[in-house]
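Numbering (UniProt numbering), first residue to last: 1 to 510.
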């Protein structure tokens, strides 16, 4: 056996545990004498307890406390400030109230091996030698209703002595009857120790709460008479949104009073849409060729020439523009003063915004302001369009006053891209004409397959006289307004010899 330990020898007989309390450190007597045997039912325990008592003889001032706030509700825009005034009032009683009481504590130790069951403490108070004052006054054990084995817990109490039993200079005895339902040897019935203490009721009364201290919002105030104090708290949106409960407490009595201020924060709702537009101009090109450029004929003779006309187009975009609507909604139950509305397109292109009102403009509670905007852009790059409503903020006083205090911007954004732009098409459809052949055809981008080739044959000649001649043929692309957008020509040089009937023909193909 390890030296210095206090071992126990335990025997279990049914639900009875038999153990020897103290064993010699050097040896264990396997046959202990009856005086060394403790018989304890499993689940039972034993208690020890002490009690203290101190008497007080007082005359006490009573106080009441109230607290209010003005205003109790703030409806503010983000950036606004509102000041509420809190008022604390304390009222002191005209006279005092006699109050005699005894206070102390009962400390209970669980000296056994099992937790306590149904712990109860009841006080009996008497004036010595044997005048009963109070009996069966319960002590609150709810803070620690079960004491584990081997632990001690103390329970405070305070008992007011009835006025008819207040005897200055007399000795009062307080007996604490501590019981549990599982005390060894008394299982199933309330049993336990009854410690006591005595105290003398003071001859002179002590004045209580002639002066009080009130703590409120981190500050402490001293009152010796009925009084009222006020202080202000400033709230700002959006940081202080929510409910703010402010409590004043009398330190000496624990009495308290509260006032609540609710701060509702609102933001203007700015939204916008985007309509993009551009101009797409089709640039047409025409090429004309033939299989002959020089021929020799005799008078009265003609020769066929095969012409080819090819028409193609390319397009170029310009006139990029954006327009749309800006909507500013006021969701708050208060009016909003709007200083201006601007619309900026990245990186720093100012759009023209028109709202049909003069600024500063007062937007009524729940109201909506509708504006339009437009801007020309240098290209079709994707951009961000930001509409900004600048709100005038105010600092509101608890008495209804207001002072302008800065501004807050509320924005709405939209992305500008030209993937779904409204396209104004210029020279989309054209007519192809030829000075010799006439109208070759009508072409439209998106309808006809381009490039488009026209092929035709024309007879060159006959000529009545000999000499040098040129036959020039021009093909043109003409828009709906009759303007020539492109043209190309081909010239055939004709040589007619003036001697004999012999002719020479020169073929030239391009």
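All C-beta atoms in this analysis are idealised placements derived from N, C-alpha and C, irrespective of residue type, glycine included.
Could you name the residues of the same chain whose beta carbon sits closer than 8 angstroms to that of residue 151, not counting the 5 residues immediately before and after it, in chain order? Mapped onto the chain shown, residue 151 falls at position 151. Excluding residues within five positions, the ones whose Cβ falls inside 8 angstroms are 109, 110.
Given residue 264, which residues of its chain have a CB within under 6 angstroms of its CB, disregarding the five upstream and five downstream residues? Counting from 1 along the chain shown, the entry for residue 264 is found at position 264. Leaving aside the five residues that flank residue 264 on each side, the residues in its chain whose CB is nearer than 6 angstroms to its CB run, in chain order, 75.
How about the stretch 148-162 and the stretch 100-109: do they share at least three Cβ pairs that are nearer than 8 angstroms? Touching, yes, given that three or more Cβ pairs across the two stretches are closer than 8 angstroms.
Which ranges would you report for the beta strand (DSSP E) in the stretch 131-202 if only whole runs of at least 3 residues count? 131-138, 152-160, 171-179, 196-200
Tell me, please, which residues DSSP counts as bridged to residue 518. Here the chain has residues from 1 to 510 only, and residue 518 is not among them.
Locate the beta strand (DSSP E) running through residue 104, then write down its first and last residues. Numbered from its first residue, the chain shown carries residue 104 at position 104. Taken as a continuous stretch (DSSP letters only), the beta strand (DSSP E) holding residue 104 covers 81-110.
Between which two residues does the beta strand (DSSP E) holding residue 222 run? Counting from 1 along the chain shown, the entry for residue 222 is found at position 222. Segment 219-223, the beta strand (DSSP E) holding residue 222.
Can you tell which of 377, 421, 460 has the C-alpha that lies nearest to the C-alpha of residue 352? In the chain shown, the residue the question calls residue 352 occupies position 352. Residue 377 is the option with its Cα nearest to residue 352.
Whether or not the stretch 372-390 and the stretch 226-238 are in contact is what I'm after, with contact meaning three or more pairs of Cβ atoms, one per stretch, closer than 8 angstroms; do they touch? no
Close Cβ partners of residue 343 (< 6 angstroms) along its chain, the five nearest in sequence each way excluded: Numbered from 1 along the chain shown, position 343 holds the residue referred to as residue 343. Cβ neighbours of residue 343 beyond the five flanking positions: 351, 353, 373, 387.
Residue ranges of each beta strand (DSSP E) within the stretch 290-343, 3 or longer: 294-296, 303-329
With burial defined as no fewer than 16 other Cβ atoms inside 10 Å of the residue's Cβ, what is the status of residue 505: buried or exposed? For the purposes of this step, residue 505 is identified with residue 505 of the chain shown, where counting begins at 1. For residue 505, the predicted model reports a pLDDT of 41, less than 50, meaning its position is unreliable and no value from the coordinates is stated.
N-terminal and C-terminal residue of the beta strand (DSSP E) that residue 234 is part of: On the chain shown, residue 234 is found 234 positions in, with the first residue counted as 1. Where residue 234 is concerned, the enclosing beta strand (DSSP E) stretches over 227-236.
Do you know offhand how far residue 253's Cα is from residue 396's? Taking the first residue of the chain shown as 1, we reach residue 253 at position 253. Taking the first residue of the chain shown as 1, we reach residue 396 at position 396. Distance between the alpha carbons of residue 253 and residue 396: 36 angstroms.
Taking contact to mean 3 or more Cβ pairs, one atom from each stretch, closer than 8 angstroms, check whether the stretch 331-340 and the stretch 278-293 are in contact. no
Residue burial classification, residue 206 (beta-carbon count within 10 angstroms, cutoff 16): The sequence position of residue 206 within the chain shown is 206, counting from 1. Exposed, since its Cβ has fewer than 16 Cβ neighbours within 10 Å.
Going by C-alpha distance, which of 200, 130, 203, 288 is nearest residue 435? Here residue 435 refers to the residue found at position 435 when the chain shown is read from its first residue. The alpha carbon of residue 435 has as its nearest neighbour, out of 200, 130, 203, 288, the alpha carbon of 288.
Can you tell me the Cα-Cα spacing of residue 165 and residue 172, whole angstroms? Counted from its first residue, the chain shown places residue 165 at position 165. Counted from its first residue, the chain shown places residue 172 at position 172. Note on geometry: alpha-carbon atoms of residue 165 and residue 172 lie some 10 angstroms from one another.
The beta strand (DSSP E) spanning residue 242 covers which residue range? As a first step, residue 242 is located in the chain shown; it is residue number 242 there, counting from the start. Per DSSP, residue 242 belongs to the beta strand (DSSP E) from 242-250.
Counting Cβ pairs, one atom from each stretch, are 3 or more of them under 8 angstroms apart for the stretch 450-463 and the stretch 297-313? Taking one beta carbon from each stretch, the stretch 450-463 and the stretch 297-313 have 3 or more pairs nearer than 8 angstroms; the two touch.
Taking 8 angstroms as the line, does the beta carbon of residue 322 fall inside it for any heavy atom of the ligand MG? The model depicted lacks the ligand MG and carries no ligand whatsoever.
Between 240, 497, 476, 88, which has its C-alpha nearest residue 79's C-alpha? If you number the chain shown from 1, residue 79 lands on position 79. When each option's Cα is compared against that of residue 79, the closest is 240.
Please work out which residues of its chain come closer than 8 angstroms, Cβ to Cβ, to residue 115, disregarding the five sequence neighbours upstream and downstream, and give them in chain order. Counting from one through the chain shown, the residue named residue 115 turns up at place 115. The answer, listed in chain order, is 45, 146, 147, 148, 149.
So which of 438, 370, 201, 330 has the shortest CA-CA distance to residue 273? Taking the chain shown and counting its residues from 1, one reaches residue 273 at position 273. For residue 273, the nearest C-alpha among the options comes from 370.
So, helix, strand or coil for residue 43, using DSSP? As a first step, residue 43 is located in the chain shown; it is residue number 43 there, counting from the start. DSSP, read as helix, strand or coil, puts residue 43 in coil.
Which residues in the same chain have their Cβ closer than 8 angstroms to the Cβ of residue 48, if we skip the five residues on either side of it in sequence? Numbered from its first residue, the chain shown carries residue 48 at position 48. These residues qualify, in order along the chain: 108, 109, 111, 193.
Tell me the rounded alpha-carbon separation between residue 446 and residue 424. Sequence index remark: in the chain shown, residue 446 carries index 446 (1-based). Sequence index remark: in the chain shown, residue 424 carries index 424 (1-based). Near 14 angstroms, if we compare the C-alpha coordinates of residue 424 and residue 446.
With DSSP collapsed to three states, give me the class of residue 239. Along the chain shown, read from residue 1 onward, the residue named residue 239 stands at position 239. The DSSP-derived three-state label of residue 239 is coil.
Among 141, 311, 332, 391, the one whose alpha carbon lies nearest that of residue 359: Counted from its first residue, the chain shown places residue 359 at position 359. Answer by Cα proximity: 391.
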